[in-house]
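J.: Attaching a single structure in structure tokens format; questions to follow.
Protein chains: 2
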Amino acid sequence: MEPSNSAEASVGYLVYEVARAFRRRFEDEARRHDLTLPQWRALAELARKGGVSQVALAGAIDADPMTVSGILDRLEKRGLVRREPDPNDSRAKIVRLTDDGLALYDTAKAVGVELYEFAVLGLSPAELDAVAHGLTRIRNNLNGPRADQKEDA
Amino acid sequence: MEPSNSAEASVGYLVYEVARAFRRRFEDEARRHDLTLPQWRALAELARKGGVSQVALAGAIDADPMTVSGILDRLEKRGLVRREPDPNDSRAKIVRLTDDGLALYDTAKAVGVELYEFAVLGLSPAELDAVAHGLTRIRNNLNGPRADQKEDA
DNA sequence: GGCATATAATAAGCTCGCTTATTATATGTA
DNA sequence: TACATATAATAAGCGAGCTTATTATATGCC
Chain P
0 MEPSNSAEAS VGYLVYEVAR AFRRRFEDEA RRHDLTLPQW RALAELARKG
50 GVSQVALAGA IDADPMTVSG ILDRLEKRGL VRREPDPNDS RAKIVRLTDD
100 GLALYDTAKA VGVELYEFAV LGLSPAELDA VAHGLTRIRN NLNGPRADQK
150 EDA
Chain C
0 MEPSNSAEAS VGYLVYEVAR AFRRRFEDEA RRHDLTLPQW RALAELARKG
50 GVSQVALAGA IDADPMTVSG ILDRLEKRGL VRREPDPNDS RAKIVRLTDD
100 GLALYDTAKA VGVELYEFAV LGLSPAELDA VAHGLTRIRN NLNGPRADQK
150 EDA
């Protein structure tokens, strides 16, 4: 009945469970900062890169532009982020942390880092590398073309 | 595109990307059946187990009861699923596939299976096992308390 | 029996992730 | 110059995942 140690749950399911568990746990611990995981990721990216356009931000945090627009709406409403016109492209907006945003990120930044370290406790660097290697392969497979279909028209 | 073969992203990020890529890809291919991944998972579980309560279903597909309630609302509205009173507990409802639900699952069942096989192409059984092992550990860490965990060899 | 507590399902309401469509601007090309 | 096409951001709307709260029933304990 119980799975043996070689019959672990399928990787497909595990990936889903881990992603969910990580988000749940993160938001549990980031509650006192009132930050969701995607919001934290956006702040982290802005803290690293300074001002970026929304498409660039979307690319950096692997999210879709519409999703980023919504996340920024909420962060902007709280005064954590600012949207400025792009002087080189009047369709685009440059997103920046406000002082409040930077301050909040500075105090919340450890949450993600420490949670990650906690999550991988008990795994050797080699084991972790094996996981990274396998997941990278899977990601690339999934983002690539499918064997039984054409390259687009 | 890719920085290099060995400079992989952090496992935290990879898990998120893979989960997202898998869902996106699945729903792309299951569009002709008008099924989302969580809906497919619910149907799969019901096809395997027959009638189960909603909490049991939630446990089986690693979802929260409120989420399951919503998924079942949509499936029931399409006549794929039926909620019957539980004779042993009048708070509970037993969920079952209808004939239509079973028929749809039979035709859609291959989608998930084949996509999974496609996703892990190029990984040896040993590599895949290493991924499963690492992810299991991470999941257990994240679901456990701020201490060491037990389960899994 | 009576009462506190736990549990099953749902309601309301939020964020996120997505699709499709719209508006405004940029850019390439004839 | 004019026109076709591409791109940046947003609007509307849906499914999913979550929280908090409510209703109904079950269960444990005195």
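Chains P and C, in that order, give the protein sequences. Each residue of the first sequence is one higher than the one before, counting from 0 in numbering that gives the first Met the number 0. Each residue of the second sequence is one higher than the one before, counting from 0 in numbering that gives the first Met the number 0. Even glycine gets a Cβ: it sits at the ideal position worked out from N, Cα and C.
Does DSSP put Arg40(C) in a helix, in a strand, or in coil?
T.: Counting from one through the second sequence, the residue named residue 40(C) turns up at place 41. Three-state result, Arg40(C): helix.
J.: When you compare the CB of Arg73(C) with every CB in chain P, is at least one pair closer than 8 Å?
T.: The residue labelled residue 73(C) in the question sits at position 74 within the second sequence. It does not: the Cβ of Arg73(C) has no partner Cβ on chain P nearer than 8 Å.
J.: Count the other CB atoms, across all protein chains shown, that sit within 10 Å of the CB of Thr135(P); report buried if there are 16 or more and exposed otherwise.
T.: Here residue 135(P) is taken as the residue at index 136 of the first sequence, counted from 1. Counting Cβ neighbours within 10 Å, Thr135(P) comes out buried, since at least 16 surround it.
J.: Quick one: give me the first and last residue of the beta strand (DSSP E) that Leu96(P) is part of.
T.: In the first sequence, counting from the first residue as 1, residue 96(P) sits at position 97. Segment Asp88 to Leu96, the beta strand (DSSP E) holding Leu96(P).
J.: Can you tell me whether Gly121(C) is buried or exposed? The criterion is at least 16 other CB atoms within 10 Å of its CB, across all chains shown.
T.: Locating residue 121(C) in the second sequence gives position 122, where the first residue counts as 1. Looking at its Cβ environment, which holds fewer than 16 other Cβ atoms inside 10 Å, Gly121(C) is exposed.
J.: For Thr106(C) and His32(C), which I take to be in contact (beta-carbon distance under 8 Å), what is that distance rounded to the nearest angstrom?
T.: Mapped onto the second sequence, residue 106(C) falls at position 107. Mapped onto the second sequence, residue 32(C) falls at position 33. Going by Cβ atoms, the distance from Thr106(C) to His32(C) rounds to 7 Å, so yes, they are a contact pair.
J.: Where does the unbroken alpha helix (DSSP H) through Asp63(C) begin, and where does it stop?
T.: Position 64 of the second sequence holds residue 63(C). Unbroken run through Asp63(C): none, as it is neither H nor E.
J.: Sort Ala8(P), Glu26(P) and Val10(P) by Cα distance to Lys108(P) and report the nearest one.
T.: Here the question's residue 108(P) lines up with position 109 in the first sequence. Of the listed residues, the one whose Cα sits closest to Lys108(P) is Glu26(P).
J.: Tell me which same chain residues have a C-beta within less than 7 Å of the C-beta of Ser9(C), skipping the five on either side of it?
T.: Within the second sequence, residue 9(C) is the residue found at index 10, counting from 1. Nothing meets the Cβ criterion.
J.: Let's see if you can read the secondary structure: which residues bound the beta strand (DSSP E) around Arg82(C)?
T.: Position 83 of the second sequence, counted from the start, is the residue given in the question as residue 82(C). Val80 to Asp85 is the extent of the beta strand (DSSP E) around Arg82(C).
J.: Any beta-carbon of chain C closer than 8 Å to the one on Asn142(P)?
T.: Counting from 1 along the first sequence, the entry for residue 142(P) is found at position 143. Output row for Asn142(P): interface = yes.
J.: How many Å lie between Gly143(C) and Ile137(C) at the Cα?
T.: On the second sequence, position 144 is the one that residue 143(C) refers to. On the second sequence, position 138 is the one that residue 137(C) refers to. Cα-Cα distance, rounded: 10 Å.
J.: If you draw a straight line from the alpha carbon of Asn140(P) to that of Pro37(P), how long is it in whole angstroms?
T.: In the first sequence, the residue the question calls residue 140(P) occupies position 141. In the first sequence, the residue the question calls residue 37(P) occupies position 38. In a straight line, the C-alpha of Asn140(P) is about 24 Å away from that of Pro37(P).
J.: Is it buried or exposed, Ala125(C), if we count other Cβ atoms within 10 angstroms and call 16 or more buried?
T.: For the purposes of this step, residue 125(C) is taken as residue 126 along the second sequence, with counting starting at 1. It counts as exposed.
J.: Using the beta-carbon count (16 or more within 10 Å), is Arg30(C) buried or exposed?
T.: Position 31 of the second sequence, counted from the first residue, corresponds to residue 30(C). Result: exposed.
J.: Just to make sure I have the definition right: I need the residues of chain C whose C-beta is within less than 8 Å of the C-beta of Glu113(P). Which are they?
T.: Residue mapping note: residue 113(P) aligns to position 114 of the first sequence, counting from 1. Going along chain C, no residue has its Cβ under 8 Å from Glu113(P), so there is no contact; the nearest lies around 10 Å.
J.: Using three-state DSSP, classify Val51(P) as helix, strand or coil.
T.: As a working note, residue 51(P) is residue 52 in the first sequence. Three-state result, Val51(P): strand.
J.: Is there at least one Cβ from chain P nearer than 8 Å to Val54(C)'s Cβ?
T.: Translated into the one-based positions of the second sequence, residue 54(C) becomes position 55. Taking 8 Å as the threshold, the shortest C-beta distance from Val54(C) to chain P does not fall below it.
J.: Take the Cβ of Arg90(P) as the centre, count every other Cβ of all protein chains shown within 10 Å, and call the residue buried at 16 or more, exposed below.
T.: Along the first sequence, one-based indexing puts residue 90(P) at 91. Answer is exposed; the Cβ neighbour count stays below 16.
J.: Taking buried to mean at least 16 other C-beta atoms within 10 Å of its own C-beta, is Tyr15(P) buried or exposed?
T.: Locating residue 15(P) in the first sequence gives position 16, where the first residue counts as 1. Classification of Tyr15(P): buried, given that the 10 Å Cβ count is 16 or more.
J.: Any beta carbon from chain C within less than 8 Å of Leu122(P)'s own beta carbon?
T.: As a working note, residue 122(P) is residue 123 in the first sequence. Taking Cβ atoms only, chain C reaches closer than 8 Å to Leu122(P), which makes this a yes.
J.: List, in chain order, every chain P residue whose beta-carbon is nearer than 7 Å to that of Ala18(C).
T.: Along the second sequence, read from residue 1 onward, the residue named residue 18(C) stands at position 19. By Cβ distance, chain P contributes Val14, Tyr15 and Ala18.
J.: On the three-state DSSP scale, how would you describe Gly111(C)?
T.: As a position in the second sequence, residue 111(C) is number 112, starting the count at 1. Helix, per DSSP.
J.: Tell me, to the nearest whole angstrom, how far the beta carbon of Ala118(C) is from that of Ala18(P); I am working on the premise that it is less than 8 Å.
T.: Here residue 118(C) refers to the residue found at position 119 when the second sequence is read from its first residue. Here residue 18(P) refers to the residue found at position 19 when the first sequence is read from its first residue. Going by Cβ atoms, the distance from Ala118(C) to Ala18(P) rounds to 15 Å, so no, they are not a contact pair.
J.: Got a sec? Which residues, its chain only, sit under 7 Å from Glu28(C) by beta carbon, not counting five neighbours each side?
T.: Mapped onto the second sequence, residue 28(C) falls at position 29. Answer for Glu28(C): Val110 and Leu114, listed in chain order.
J.: Considering only C-alpha positions, which residue in the set Met65(P), Pro84(P) and Val94(P) is nearest to Val51(P)?
T.: Here residue 51(P) is taken as the residue at index 52 of the first sequence, counted from 1. The option with the nearest alpha carbon to Val51(P) is Val94(P).
J.: For a quick check, are the C-beta atoms of Leu71(P) and Leu42(P) less than 8 Å apart?
T.: For the purposes of this step, residue 71(P) is identified with residue 72 of the first sequence, where counting begins at 1. For the purposes of this step, residue 42(P) is identified with residue 43 of the first sequence, where counting begins at 1. No, they are not a contact pair.
J.: Classify Ser3(C): buried if its beta carbon has 16 or more other beta carbons within 10 angstroms, exposed otherwise.
T.: Position 4 of the second sequence, counted from the start, is the residue given in the question as residue 3(C). With a pLDDT of 35 at Ser3(C), under the threshold of 50, the modelled position of that residue is not reliable, and the figure given next carries that caveat. Exposed.
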